[in-house]
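One structure below.
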Amino acid sequence: MNLEKNKVLIPLDLQYFADATMHSRDAIHGAQGVAWVTIDGNRYKFAQLINLEARSEKTKTKIPIMGQVAKGNKATGVEYSGSATFYFNTSIFRKMLKHYQDTGEDTYFDIQVTNEDGSSQVGRQTTILVDCNIDGGIVASLDADAEYLEDSFDFTFERFEMPEEFAILPEML
């Protein structure tokens, strides 16, 4: 029997078998968002902001396990820190440093960050960094070569909230 003669070819849509990928429009544009700072009950739009990053680092302890060569890792806490760079045209953060210098009283504040790119189908995410405390900052600045002056500070914070979260992309399911 000649099997070659009875061969039937069925057209296949190979795209059906391909993994779904994210659309480029769903990447969040870095400048599409807004930040607010709340200090002593006063809320300011952080319009000078160039970039901000807040991080969470879990602290871990190495755990010896009987019968196992490798040690395990147990989370024992968390530490929060961040950094911000902005144009040198606001004194609100220097005033915090001066207040600490003059009184010994430290200032804690909140930063609210919302990422929202209208071309992405994930919507928006809002994160609130609670009880931020700056580590230090620029007190004065001049630069004859600079087109503009920048300011920056590192900070810690006690916790964060996420009242709004990005939606799950269909490709993730």
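The numbering of the sequence shown is this note's numbering, which starts it at 21 and goes up by one.
All C-beta atoms, glycine included, are put in the ideal place defined by N, C-alpha and C.
Taking only runs that begin and end inside the segment 85-144, name each unbroken alpha helix (DSSP H) of 4 or more residues, in chain order. Within the segment 85-144, the alpha helix (DSSP H) runs of at least 4 residues that lie entirely inside it are, in chain order, 112-123.
Provide the residue span of the beta strand (DSSP E) that contains Y64, from first to last. N62 to K65
What would DSSP say about S76, mapped onto helix, strand or coil? strand
Touching or not, the segment 146-156 and the segment 170-180, by the rule of three or more beta carbon pairs under 8 Å? yes
Using a Cβ-Cβ cutoff of less than 7 Å, which residues in the same chain neighbour R144 once the five nearest sequence positions on both sides are dropped? Excluding its 5 nearest sequence neighbours in each direction, R144 has C-beta neighbours in its own chain below 7 Å: T134, N135, E136 and E184, listed in chain order.
Under the three-state DSSP convention, the category S172 falls into: strand
With H, G and I counted as helix, E and B as strand and the rest as coil, what does DSSP make of P190? helix
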